[in-house]
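So the structure is just underneath, and the comments pick up after that.
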Amino acid sequence: MSPKLTRLKQVYDELGKKQLKVGFFEHSKYPDGTPIAYVAAIQELGSPAGNIPPRPFMRPAMQDNQDRYADLMLRAAKAAIGDTLSVSDGLSQMGGVAVGDIQLAIQAVTTPPLKDSTVKARASRHSKGKATHKPLVDSGLMLQSVTFSVEDK
0 MSPKLTRLKQ
10 VYDELGKKQL
20 KVGFFEHSKY
30 PDGTPIAYVA
40 AIQELGSPAG
50 NIPPRPFMRP
60 AMQDNQDRYA
70 DLMLRAAKAA
80 IGDTLSVSDG
90 LSQMGGVAVG
100 DIQLAIQAVT
110 TPPLKDSTVK
120 ARASRHSKGK
130 ATHKPLVDSG
140 LMLQSVTFSV
150 EDK
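Numbering that gives the first Met the number 0 puts the first residue of the sequence shown at 0, with every later residue one more than the last.
As structure tokens, then:
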């Protein structure tokens with residue numbers, strides 16, 4: 000087998016042993032102990048029982064950027080084959096891009112608008128009584144908690 004073909008197989012095998020996870024992990028919690036992933040899932044999917052409408056951000060971010068992620072993966076694989084980038088570093092670069100895309104998607108959500116009761120509850124928590132009317136952004140903790148990890152399968 001040629002050295003290039005051998006390297007291609009090595010990279011392919013290594014990719015099969017790694018996974019990139021992007022989102023909210025169990026260590027991220029609000030000050031009251033509520034997992035951020037729990038709140039993010041409710042925001043993403045809605046909660047009919049809690050009268051909370053869906054405000055999708057994660058799925059649209061992934062869908063809107065899937066072609067770019069495929070291109071990033073291809074470039075990372077080529078770099079790994081050429082020994083200019085490790086597989087883990089390539090996946091880390093993709094993770095950083097995906098985190099940014101999710102954060103932008105969170106900031107872009109404007110509908111459905113918040114209910115008056117939500118705005119009032121937010122105002123009561125803020126020192127100057129000012130509250131943002133922006134869905135998904137209150138303290139900014141969910142936005143700051145989007146992260147990624149590259150793990151062995």
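Backbone N, C-alpha and C fix where the C-beta goes; we use that ideal spot for every residue, glycine too. These figures come from a predicted structure and were not determined experimentally.
Asked: Please go through the same chain and pick out, in chain order, the residues whose beta-carbon is closer than 7 Å to the beta-carbon of Gly-94, but skip the five residues on each side of it.; Found: Leu-19, Val-21, Phe-147 and Val-149
Asked: Where does the unbroken beta strand (DSSP E) through Gly-15 begin, and where does it stop?; Found: Segment 2-15 is the alpha helix (DSSP H) holding Gly-15; no beta strand (DSSP E) there.
Asked: Take the Cβ of Leu-90 as the centre, count every other Cβ of all protein chains shown within 10 Å, and call the residue buried at 16 or more, exposed below.; Found: buried
Asked: To the nearest angstrom, how far is it from the Cα of Pro-134 to the Cα of Pro-111?; Found: 8 Å
Asked: Under 7 Å Cβ to Cβ from Met-72, same chain only, skipping five residues before and after it: list those, please.; Found: Met-93
Asked: Given that a residue counts as buried once 16 or more other Cβ atoms are within 10 Å of its Cβ, and exposed if not, what is Ala-122?; Found: exposed
Asked: Would you identify the three-state DSSP class for Val-149, choosing helix, strand or coil?; Found: strand
Asked: Does DSSP put Ser-46 in a helix, in a strand, or in coil?; Found: strand
Asked: Determine the contact status of Phe-56 and Ala-104, defining contact as a CB-CB distance below 8 Å.; Found: yes
Asked: Could you check if Gln-42 is buried or exposed, using at least 16 other CB atoms within 10 Å of its CB as the buried criterion?; Found: buried
Asked: Can you tell me whether Asn-64 is buried or exposed? The criterion is at least 16 other CB atoms within 10 Å of its CB, across all chains shown.; Found: buried
Asked: I need the boundaries of the alpha helix (DSSP H) containing Val-98, first residue and last residue.; Found: 86-107
Asked: So what does DSSP say about Leu-135, is it helix, strand or coil?; Found: coil
Asked: Our contact map puts Ser-27 next to Ala-36 with C-beta atoms below 8 Å; I'd like the distance itself, whole angstroms only.; Found: 7 Å
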